[in-house]
Amino acid sequence: MLLSLISLTDSEIELVTSAVREWCRWHHCDIDSSDGRRALTAAIDLVQSKHPEECLLPELTRRLTPPNDTHG
C-alpha cells in the first residue's frame, strides 16, 4: 500500500487522505483500523484510476458498503 503512495503526486495524496479521513469520520472508525486501511487501499486505487475528485468519496462509499447494508 505504501509503495502505491509513492507513485502519487502531492495533490493526489491529499485527495486520498482527505477522502479516507472523511469516510472514516462518517463510518465512526479510526484510519488505523482494518476498515480504515481498506478505505485507504480503495482510495489509492480510485485516484490511480483517475476518478474525478468529486466522485471519490461517493465511489469509495459504494465500494466499501456491504451489499446488504441499506443504511449507507
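When you line the sequence shown up against this note's numbering, it's residues 976 to 1047, in that order.
Where a beta carbon is used, it is the ideal one built from N, C-alpha and C, also for glycine.
Bear in mind that the values here come from a model prediction, so they are computed numbers and not experimental data.
So does the stretch 1016-1024 actually touch the stretch 978-997, counting three or more Cβ pairs closer than 8 Å? Cβ pair count under 8 Å is three or more, so yes.
Would L1039 pass as a contact of R1013 if the rule is Cβ separation under 9 Å? Reading the sequence shown from its first residue, position 64 is the one you call residue 1039. Reading the sequence shown from its first residue, position 38 is the one you call residue 1013. Taking the C-beta atoms as reference points, R1013 is found nearer than 9 Å to L1039.
Taking the C-alpha atoms as reference points, what is the distance between L990 and H1002? As a first step, residue 990 is located in the sequence shown; it is residue number 15 there, counting from the start. As a first step, residue 1002 is located in the sequence shown; it is residue number 27 there, counting from the start. Rounded to whole angstroms, L990 to H1002 spans 18 Å at the Cα level.
Assuming S1009 is part of the alpha helix (DSSP H), what are its boundary residues? Locating residue 1009 in the sequence shown gives position 34, counting from the first residue. Taken as a continuous stretch (DSSP letters only), the alpha helix (DSSP H) holding S1009 covers 1009-1023.
Give me the residue from W998, S979, D985, P1041 with the minimum Cα distance to L1035. Counting from 1 along the sequence shown, the entry for residue 1035 is found at position 60. Comparing Cα-Cα distances from L1035 to each of W998, S979, D985, P1041, the minimum goes to W998.
Neighbourhood of H1026 by C-beta, 8 Å cutoff - its chain only, sequence neighbours within 5 removed: The count along the sequence shown starts at 1 and reaches residue 1026 at position 51. Taking H1026 as the centre and dropping the five residues before and after it, the same chain places the C-beta of E1034 closer than 8 Å to its C-beta, in chain order.
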